[in-house]
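> The working numbering numbers the first residue of the sequence shown as 55 and each following residue consecutively. Handing you this structure, nothing more for now.
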Amino acid sequence: MNALFAPFTPDASGGPLAGVVVRPGVADDLPAIADLAAQRECGDLADRLAVHGRRFADERQRLFVAEHDDAIVGYAWASWLTPVADGGRRAPDGWYLSGIVLAPALRRRGIGRRLTEARVAWVLGHDDHIYYVVSASNGPSRTLHAELGFREISTDFVVPGVVFTNADGILCQLDKRPDADVIDLARRR
Ligand SMILES: CC(C)(COP(=O)(O)OP(=O)(O)OC[C@H]1O[C@@H](n2cnc3c(N)ncnc32)[C@H](O)[C@@H]1OP(=O)(O)O)[C@@H](O)C(=O)NCCC(=O)NCCS
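Structure, rendered in structure tokens:
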């Protein structure tokens, strides 16, 4: 099993967990998210703290966190990327979902979905499209994003800084619904 990804278990839902708050991240959250990242990647805590601290200071990156019982139990980033200008290939400029990690003990309680819904809502409040890239072998992530409406649009692309060990990356896209405002306006007439 790949420890970076959760095992694919379609029938193992734990149901929603009460008392979870999803909110934009603040600087005080960084040690907790570095800890989650270091555990997932078996990496160095100080190194993870430096990486996430740099991201937090960058206005093209947005952090969201999930809090439960006064502890940060998950985090997720959205990032403005310019893949082709940065040396990549066949991937559009735009906002990308760029890293979500849930504490293993609290997975499958609907928190990843809420963190993703929060990022999608934020991005589609600023742009018409949102993207993400995923390894074909990451069934849990593909299922979660497909449920939220992401379409898998290409396997022939390069986003600099994202390496797929099995060369099995998939580029996915979700569009703002073109009819959303029209329906609201029509109802007001
Ligand atoms: C992927 C990840 C963020 C999902 O977070 P989560 O909080 O467990 O997900 P949710 O409970 O919100 O799941 C929402 C839906 O996604 C799908 N899903 C999530 N985990 C799944 C799994 N292990 N197997 C199958 N489907 C899964 C299900 O359809 C689920 O709905 P359901 O529980 O009602 O059946 C989490 O497994 C994780 O942190 N994985 C390691 C890091 C990672 O892979 N990040 C993504 C890289 S692109």
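Each residue gets a CB set at the ideal place from its N, CA and C atoms; glycine is no exception.
How is residue 206 classed by DSSP in three states: helix, strand or coil?
For the purposes of this step, residue 206 is taken as the residue at position 152 of the sequence shown. In this structure, residue 206 counts as strand in the three-state DSSP scheme.
> Could you pull out every residue in the same chain whose Cβ sits closer than 6 Å to the Cβ of residue 116, ignoring the five residues on either side in sequence?
Reading the sequence shown from its first residue, position 62 is the one you call residue 116. If we look at residue 116 and ignore the five residues flanking it on each side, its Cβ neighbours are 132.
> Just verifying my parser: in three-state terms, what is the DSSP assignment at residue 125?
Translated into positions along the sequence shown, residue 125 becomes position 71. Correct three-state label for residue 125: strand.
> Could you round the C-beta distance between residue 188 and residue 224 to whole angstroms and report it? I think they count as a contact, below 8 Å.
As a first step, residue 188 must be located in the sequence shown, where it is residue number 134. As a first step, residue 224 must be located in the sequence shown, where it is residue number 170. Confirmed, about 5 Å.
> I'd like the list of long-range same chain contacts for residue 229, defined as Cβ closer than 6 Å, with 5 residues on each side in sequence excluded.
As a first step, residue 229 is located in the sequence shown; it is residue number 175 there, counting from the start. Hits under 6 Å: 183.
> Let me confirm a value: residue 226 is counted as buried when at least 16 other C-beta atoms fall within 10 Å, else exposed. Which label applies?
Along the sequence shown, read from residue 1 onward, the residue named residue 226 stands at position 172. When all chains shown are included, residue 226 counts as buried.
> Looking at residue 185: is its Cβ nearer than 8 Å to the Cβ of residue 142?
Position 131 of the sequence shown, counted from the first residue, corresponds to residue 185. Position 88 of the sequence shown, counted from the first residue, corresponds to residue 142. The answer is no: Cβ separation not under 8 Å.
> Would you decide whether residue 231 is buried or exposed? Buried here means 16 or more other CB atoms lie within 10 Å of its CB.
In the sequence shown, counting from the first residue as 1, residue 231 sits at position 177. Its Cβ having fewer than 16 others within 10 Å, residue 231 is exposed.
> DSSP has residue 184 in a bridge; who is on the other side?
Counted from its first residue, the sequence shown places residue 184 at position 130. Answer is 228.
> Would you say the beta carbon of residue 171 is closer than 7 Å to some non-hydrogen atom of ligand 1?
Taking the sequence shown and counting its residues from 1, the one referred to as residue 171 is at position 117. Checking every heavy atom of ligand 1 against the Cβ of residue 171, none is found closer than 7 Å.
> Going by C-alpha distance, which of 150, 124, 217 is nearest residue 114?
Working through the sequence shown from its first residue, we reach residue 114 at position 60. Residue 114 has its Cα closest to that of 150, out of 150, 124, 217.
> Considering only the beta carbon of each residue, do residue 84 and residue 110 sit closer than 8 Å?
Stepping through the sequence shown from its first residue, residue 84 is reached at position 30. Stepping through the sequence shown from its first residue, residue 110 is reached at position 56. Against a cut-off of 8 Å, the Cβ pair of residue 110 and residue 84 comes out as a contact.
> Since residue 122 and residue 160 are thought to touch, with beta carbons under 8 Å apart, how far apart are those beta carbons, to the nearest angstrom?
Reading the sequence shown from its first residue, position 68 is the one you call residue 122. Reading the sequence shown from its first residue, position 106 is the one you call residue 160. Yes, residue 122 and residue 160 are in contact; Cβ-Cβ is about 7 Å, under 8 Å.
> Quick check on DSSP: helix, strand or coil for residue 84?
For the purposes of this step, residue 84 is taken as the residue at position 30 of the sequence shown. Reduced to three states, the DSSP call for residue 84 is helix.
> Taking the C-alpha atoms as reference points, what is the distance between residue 158 and residue 171?
For the purposes of this step, residue 158 is identified with residue 104 of the sequence shown, where counting begins at 1. For the purposes of this step, residue 171 is identified with residue 117 of the sequence shown, where counting begins at 1. Their backbone Cα atoms lie some 20 Å apart in a straight line.
> How long is the line joining the alpha carbons of residue 87 and residue 106, rounded to whole angstroms?
Counting from one through the sequence shown, the residue named residue 87 turns up at place 33. Counting from one through the sequence shown, the residue named residue 106 turns up at place 52. Each residue's Cα considered, the two are about 8 Å apart.
> Suppose only complete runs of 3+ residues qualify. What are the beta strand (DSSP E) ranges in the stretch 130-190, listed by chain order?
DSSP runs (the beta strand (DSSP E)) wholly in the stretch 130-190: 148-156, 183-189.
> Quick test of your reading: residue 137 and residue 74, contact by CB under 8 Å. State the CB separation rounded to the nearest angstrom.
As a first step, residue 137 must be located in the sequence shown, where it is residue number 83. As a first step, residue 74 must be located in the sequence shown, where it is residue number 20. Between residue 74 and residue 137 the Cβ distance is about 33 Å, and since that is not below 8 Å, they are no contact.
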